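Engineer:
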Ligand code: AMP
Ligand code: ZN
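Numbering (our numbering), first residue to last: 106 to 565.
(1) Please report how far the alpha carbon of residue 282 lies from the alpha carbon of residue 378, in whole angstroms.
(2) Could you tell me whether the stretch 516-526 touches the stretch 546-564, using the rule of 3 or more Cβ pairs below 8 Å?
(3) The ligand AMP and residue 327: does the residue's C-beta get closer than 8 Å to at least one heavy atom of that ligand?
(4) Are the Cβ atoms of residue 294 and residue 320 separated by less than 9 Å?
(5) Which whole-angstrom value describes the C-beta separation of residue 129 and residue 167, a residue pair presumed to lie in contact below a C-beta threshold of 8 Å?
(6) How about residue 511 and residue 447: are their beta carbons less than 9 Å apart?
(7) Ends of the alpha helix (DSSP H) at residue 363?
(8) Mind the definition here: the stretch 451-467 touches the stretch 493-502 only if three or more C-beta pairs lie below 8 Å; say whether that holds.
(9) Once DSSP output is grouped into helix, strand and coil, what is the label at residue 418?
(10) Suppose contacts are defined by Cβ-Cβ distances below 9 Å. Is residue 153 in contact with residue 133 by that definition?
(11) Is any heavy atom in the ligand AMP found nearer than 8 Å to the beta carbon of residue 540?
(12) For residue 537, collect the residues of the same chain with a Cβ closer than 7 Å to its Cβ; drop the 5 residues on either side in sequence, then sort them by chain order.
(13) Could you check if residue 146 is buried or exposed, using at least 16 other CB atoms within 10 Å of its CB as the buried criterion?
(14) Nearest CA to the CA of residue 349: which residue from 272, 387, 307, 341?
(15) The ligand AMP heavy atoms versus the CB of residue 645: any closer than 8 Å?
(16) Quick check: does the Cβ of residue 257 come within less than 8 Å of any heavy atom belonging to the ligand GTP?
(17) Should residue 491 be listed as close to the ligand AMP, given that the test is whether its C-beta is under 8 Å from any heavy atom?
(18) When we look at the beta-carbon of residue 472 and count the other beta-carbons within 10 Å, is it buried (16 or more) or exposed?
(19) What residue does the beta strand (DSSP E) around residue 321 start on, and which one ends it?
(20) Taking the Cβ atom as the reference point for each residue, do residue 368 and residue 338 lie within a distance shorter than 9 Å?
(21) What do you reckon, are the CB atoms on residue 201 and residue 310 nearer than 9 Å?
(22) For the ligand ZN, is there any heavy atom lying closer than 8 Å to the beta carbon of residue 172?
(23) Short of 6 Å in beta carbon distance, which residues of its chain neighbour residue 316, apart from the five on each side in sequence? Order them along the chain.
(24) Could you say which of 245, 543, 432 lies nearest to residue 520 if we only look at CA atoms?
(25) Distance cutoff 9 Å, beta carbons only. Does residue 516 sit that close to anything in chain B?
(26) What residue range is occupied by the uninterrupted alpha helix (DSSP H) comprising residue 299?
(27) Please give the ranges of any beta strand (DSSP E) in the stretch 385-429, keeping only runs that are unbroken, at least 3 residues long and fully inside the region.
(28) Under 9 Å between the Cβ atoms of residue 221 and residue 412?
(29) Using only alpha-carbon positions, find the residue among 435, 479, 541 that is nearest to residue 563.
(30) Rounding to the nearest angstrom, what Cα-Cα distance links residue 559 and residue 507 in this structure?
(31) Give the list of continuous beta strand (DSSP E) stretches no shorter than 3 residues that lie fully inside the stretch 499-529.
(32) Along the alpha helix (DSSP H) that carries residue 463, what are the first and last residues, could you check?
(33) Take every Cβ of the stretch 167-178, pair it with every Cβ of the stretch 418-427, and state whether three or more of those distances are shorter than 8 Å.
(34) Run through the stretch 212-240 for me and flag every whole beta strand (DSSP E) of 3 or more residues, listed as ranges in chain order.
(35) So, under 8 Å CB-CB, residue 330 and residue 228 are touching, yes? Tell me the CB distance rounded to an integer number of Å.
Rendered as structure tokens:
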């Protein structure tokens with residue numbers, strides 16, 4: 106199957122050609138663990154999980170790596186402001202280490218609830234400080250770094266093709282020029298590789314280095330970890346659209362400066378999620394979390410469906426109504442497939458069109474449309490069920506388990522069903538309807554077929 110991916114590096118869809126024939130390396134920029142992640146922070150990991158599941162369905166082995174940023178990500182992506190963990194620590198009184206531990210746990214919990222495959226190799230920034238210093242030493246030896254008052258900076262004018270990624274055509278557009286930056290920098294786009302600890306402040310997280318006590322610049326960890334795990338050049342690098350103009354060009358420049366090679370061949374970026382057409386942000390009170398939606402009775406799978414109904418390169422506007430519609434849609438899918446028979450023998454191929462749609466830059470919206478059409482098609486129900494479950498191995502809504510849960514009826518339901526069977530044989534439709542109502546009170550829904558009555562109770 107020809108797989109097309111939109112590559113931000115060339116700004117076009119390209120045929121995906123992995124470095125090795127049957128193995129793909131993916132590096133996903135991970136979370137900054139200073140607070141509860143909001144839904145927008147989790148969205149990318151759903152998308153990259155579907156990308157990975159799709160590649161697995163096409164018989165590739167996938168090695169997936171992700172960083173956990175627990176130091177060095179400043180409130181502005183371009184080296185200005187405070188370390189996000191230090192800021193949170195000052196606000197809450199908890200140490201940066203404790204915060205990182207606490208919010209990493211929340212992140213992993215969210216990943217699990219969103220049914221993201223656990224086969225990801227995670228690396229923490231604070232666990233790779235030695236490797237980051239060694240990498241920066243190579244940059245220094247090669248003459249890419251210069252010292253100013255608050256740190257060691259990378260001279261972007263020395264980098265080959267700086268800004269090709271992000272299409273940063275001129276110096277004013279370059280990363281860093283939008284915000285208050287250290288005026289000592291040689292160029293607005295230069296970025297910190299090592300930041301010095303402030304002279305008057307003892308940081309929770311700081312390390313000795315050849316340049317002085319301090320901590321790594323945020324971009325460094327991804328260059329280092331991706332190289333440690335996937336090599337000098339790997340296949341796919343992913344991140345949110347916010348990374349396209351600062352973090353990723355900087356990462357790429359550092360990596361290329363050290364190895365002389367292109368860091369990754371395909372750079373994929375997800376568009377942002379907004380709330381009621383505004384920014385999803387914790388400080389604005391629009392940072393809705395997975396816990397928030399669960400508290401209102403929505404399932405993580407409904408959120409996953411909402412995300413996948415949209416193509417990942419289109420902005421997704423979150424509203425409660427859209428989440429409600431997604432949850433209704435999910436319940437309907439579960440009901441339909443719960444009424445389908447289990448495949449007896451074999452499993453005919455009804456899902457070819459699904460793989461084809463997904464091959465077009467992971468078009469999950471079209472993939473879901475194929476799933477819906479399959480449910481509604483005239484094919485035998487066992488064949489439809491088989492195909493839907495295969496599609497869901499890629500979409501990851503967890504339909505197999507949800508179907509099984511729906512078929513697991515509450516206590517008392519089975520007896521009512523038996524009684525109803527008898528009264529229907531006696532053609533006592535009044536009693537039959539009464540028993541249907543009783544079952545409905547238990548949350549059980551019945552569909553009468555030629556073969557008898559089928560019953561389900563959807564539990565999300
Ligand atoms: P962070 O924890 O802030 O580093 O964000 C985790 C990931 O989510 C990064 O890849 C960001 O690019 C991405 N991201 C942050 N906010 C949003 C949003 N509103 N919509 C989609 N992706 C986002
Ligand atoms: Zn990164």
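A virtual CB, placed ideally from N, CA and C, is assigned to each residue, including glycine.
Predicted model, so just to flag it, every value in this text is computed and none were measured.
Structural biologist: Quick answer:
(1) Position 177 of the chain shown, counted from the start, is the residue given in the question as residue 282. Position 273 of the chain shown, counted from the start, is the residue given in the question as residue 378. Caution applies to residue 282, whose pLDDT of 46 falls short of 50 and renders its modelled position unreliable; the model cannot decide the point.
(2) Yes: at least three Cβ pairs fall under 8 Å.
(3) Looking up residue 327 in the chain shown gives position 222. Checking the Cβ of residue 327 against the ligand AMP gives no.
(4) Residue mapping note: residue 294 aligns to position 189 of the chain shown, counting from 1. Residue mapping note: residue 320 aligns to position 215 of the chain shown, counting from 1. Cβ atoms of residue 294 and residue 320: not closer than 9 Å.
(5) What you label residue 129 is simply residue 24 of the chain shown in a count that begins at 1. What you label residue 167 is simply residue 62 of the chain shown in a count that begins at 1. Yes, they are in contact, since the Cβ atoms of residue 129 and residue 167 sit about 5 Å apart, within 8 Å.
(6) Here residue 511 corresponds to residue number 406 of the chain shown, with the count starting at 1. Here residue 447 corresponds to residue number 342 of the chain shown, with the count starting at 1. Not in contact: residue 511 and residue 447 (Cβ atoms no closer than 9 Å).
(7) Sequence index remark: in the chain shown, residue 363 carries index 258 (1-based). Where residue 363 is concerned, the enclosing alpha helix (DSSP H) stretches over 352-364.
(8) Flag = yes, the stretch 451-467 and the stretch 493-502 touch.
(9) Counting from 1 along the chain shown, the entry for residue 418 is found at position 313. Of the three classes helix, strand and coil, the one that applies to residue 418 here is coil, per DSSP.
(10) Position 48 of the chain shown, counting from 1, holds the residue named residue 153. Position 28 of the chain shown, counting from 1, holds the residue named residue 133. Closer than 9 Å, so yes.
(11) Taking the first residue of the chain shown as 1, we reach residue 540 at position 435. Outside the cutoff, so no.
(12) Counting from one through the chain shown, the residue named residue 537 turns up at place 432. These residues qualify, in order along the chain: 525, 528, 529.
(13) Mapped onto the chain shown, residue 146 falls at position 41. Classification of residue 146: buried, given that the 10 Å Cβ count is 16 or more.
(14) Within the chain shown, the letter at position 244 stands for residue 349. Closest option to residue 349, Cα to Cα, is 272.
(15) Because the chain in this structure spans residues 106 to 565, residue 645 falls outside the shown range and cannot be described.
(16) As for the ligand GTP, it is missing from this structure, which binds only the ligand AMP and the ligand ZN.
(17) Looking up residue 491 in the chain shown gives position 386. Residue 491 Cβ: outside cutoff for every heavy atom of the ligand AMP.
(18) As a working mapping, residue 472 is identified with position 367 in the chain shown. By the neighbour-count rule (16 or more Cβ atoms within 10 Å), residue 472 is buried.
(19) Residue 321 sits at position 216 when you count from the first residue of the chain shown. Here the beta strand (DSSP E) through residue 321 covers 319-321.
(20) Mapped onto the chain shown, residue 368 falls at position 263. Mapped onto the chain shown, residue 338 falls at position 233. Yes, they are a contact pair.
(21) The residue you call residue 201 lines up with position 96 of the chain shown. The residue you call residue 310 lines up with position 205 of the chain shown. A contact, by the Cβ cut-off of 9 Å.
(22) Taking the first residue of the chain shown as 1, we reach residue 172 at position 67. It does: the Cβ of residue 172 is within 8 Å (strictly closer) of some heavy atom of the ligand ZN.
(23) Sequence index remark: in the chain shown, residue 316 carries index 211 (1-based). Excluding sequence neighbours, residue 316 sits near 257, 299.
(24) As a first step, residue 520 is located in the chain shown; it is residue number 415 there, counting from the start. For residue 520, the nearest C-alpha among the options comes from 543.
(25) Of the protein chains in this structure there is only one, and it is not chain B.
(26) Here residue 299 is taken as the residue at index 194 of the chain shown, counted from 1. Element bounds for residue 299: not the alpha helix (DSSP H) but the beta strand (DSSP E), 296-301.
(27) 421-423
(28) In the chain shown, residue 221 corresponds to position 116, counting from 1. In the chain shown, residue 412 corresponds to position 307, counting from 1. No. Outside cutoff.
(29) What you label residue 563 is simply residue 458 of the chain shown in a count that begins at 1. Ranking the options by Cα distance to residue 563, first place goes to 435.
(30) In the chain shown, the residue the question calls residue 559 occupies position 454. In the chain shown, the residue the question calls residue 507 occupies position 402. Computed Cα separation, rounded: 16 Å.
(31) none
(32) As a first step, residue 463 is located in the chain shown; it is residue number 358 there, counting from the start. Per DSSP, residue 463 belongs to the alpha helix (DSSP H) from 457-464.
(33) no
(34) 226-229
(35) Taking the first residue of the chain shown as position 1, residue 330 is located at position 225. Taking the first residue of the chain shown as position 1, residue 228 is located at position 123. About 5 Å separates the two Cβ atoms, so the contact holds.
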